[in-house]
Amino acid sequence: MGRAEAGTPKAISNALKSKGLQRLRWYCSACQKQMRDENGFKCHTQSESHVRQMNLIGENPTKYIQNYSSQFLHDFITLLRTSHGEKKIHFNQFYQEYIRDKNHIHMNATRWHTLSEFCKYLGREGICRVEETEKGFFIAYIDKNPEALKRADALRRKELQDRSDEEQRQRLLKEQIERAHRQTELNKTDVPRILERKQSEPIQLKVVSKLQPEANSAATKNAEAIKGINISMSAPTTKPTASKRKNVFSSMGKRKHPSGSAEHAPDKRRPPSAIEEIISRETRGRR
1 MGRAEAGTPK AISNALKSKG LQRLRWYCSA CQKQMRDENG FKCHTQSESH
51 VRQMNLIGEN PTKYIQNYSS QFLHDFITLL RTSHGEKKIH FNQFYQEYIR
101 DKNHIHMNAT RWHTLSEFCK YLGREGICRV EETEKGFFIA YIDKNPEALK
151 RADALRRKEL QDRSDEEQRQ RLLKEQIERA HRQTELNKTD VPRILERKQS
201 EPIQLKVVSK LQPEANSAAT KNAEAIKGIN ISMSAPTTKP TASKRKNVFS
251 SMGKRKHPSG SAEHAPDKRR PPSAIEEIIS RETRGRR
């Protein structure tokens with residue numbers, strides 16, 4: 001039975017059925033044709049076109065396998081570089097993105113039999129950075145383009161420059177801190193200290209009397225007074241004379257010397273002290 005003509009209901013139905021991704025085991029890489037079920041794939045392998053294509057491949061199988069492997073690797077790396085760049089991504093997740101295209105080269109037509117084998121090959125050849133973790137393999141593309149290498153070199157130099165600047169700033173900061181510590185040690189004696197006292201220790205107060213010098217001075221004055229009394233008692237007694245009051249109006253008409261003092265200054269006598277009154281009183285009592 002031949003294929004349905006384009007535009008007919010049967011062709012449209014077949015196109016709708018084949019829309020989307022079918023099982024890879026029912027895909028023929030030699031003829032680049034996808035079958036929907038096992039019966040369809042069996043009928044295709046028995047067809048004349050498939051047998052002729054397989055006889056052609058059987059003449060030099062290594063050549064065709066090498067071509068399929070090169071095409072698969074090229075498409076895989078191109079999609080990885082354009083979609084993710086140099087970012088790290090899970091290998092199996094990216095492979096699901098790659099096989100979304102129905103016309104892609106399937107891995108069963110290449111020389112790699114498993115995804116793990118292909119992932120290890122990318123790491124050995126230096127095409128990608130491969131990291132194996134508990135969640136599986138992670139890959140990141142290594143861009144070897146000359147412009148990319150120049151950008152990476154410039155970025156590396158910039159990082160080294162920033163690191164050297166940061167180290168210099170840290171060294172200057174450390175020197176300033178050490179200088180401040182030395183200055184603090186020099187000025188440590190001038191800084192007032194805070195009283196530190198434990199709460200459990202009792203408070204001790206020391207009272208110092210400031211009246212002791214005054215008491216000593218008072219005792220000294222009393223001793224001098226008694227000594228003066230003894231001296232006056234041993235000296236000859238004289239009759240005290242009453243002091244006359246000063247006449248204020250009598251000095252108004254007197255002239256003054258150019259120096260400002262009067263010509264005849266009146267006798268100025270101080271009033272008798274208490275000790276002198278006591279001595280004079282005792283003297284009068286003896287008489």
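Residue 270 in the UniProt record's numbering is what sits at position 270 of the sequence shown, and the numbering runs on without skipping anything. Even for Gly, the Cβ is constructed at its ideal location relative to N, Cα and C. Note that this is a predicted model, so its numbers are computed, not measured.
Residue span of the alpha helix (DSSP H) that contains Arg52, given as start and end | In this chain, the alpha helix (DSSP H) harbouring Arg52 covers Glu48 to Glu59.
Cβ shell of Ile57 (< 7 Å), same chain only, five flanking positions each side left out | A distance below 7 Å between beta-carbons, with the five flanking residues on each side excluded, links Ile57 to the following residues of its chain, in chain order: Ala30 and Tyr64.
Check the DSSP bridge columns for Ile139 and list the partner residues they point to.
-> Ile89 and Val130
Could you check the C-alpha separation between Glu185 and Leu173 for me, to the nearest Å?
-> 19 Å
Are the beta-carbon atoms of Phe91 and Leu115 separated by less than 9 Å?
-> yes
When the Cα of Glu38 is compared with those of Met54, Thr45 and Trp26, which residue comes out closest?
-> Trp26
If Asp143 and Glu86 are in contact, beta carbons under 8 Å, what's the gap, nearest whole angstrom?
-> The Cβ separation is near 6 Å, so the contact holds.
Within the same chain, show all residues whose beta-carbon is closer than 6 Å to that of Ala154, passing over the 5 residues directly before and after it, in chain order.
-> none
How long is the line joining the alpha carbons of Ser13 and Tyr141, rounded to whole angstroms?
-> 41 Å
Measuring CB to CB, does Gln34 end up less than 9 Å from Cys28?
-> yes
According to the Cβ coordinates, are Ser49 and Trp112 closer than 9 Å?
-> no
How long is the line joining the alpha carbons of Pro61 and Met107, rounded to whole angstroms?
-> 16 Å
Straight-line Cα distance separating Arg151 from Arg169 | 27 Å
Pick helix, strand or coil for Cys28, following the three-state DSSP scheme.
-> strand
What is the DSSP secondary structure of Ala242, counted as helix, strand or coil?
-> Reliability fails at Ala242, whose pLDDT of 47 lies under 50, so the model's placement of it is uncertain and no value is given.
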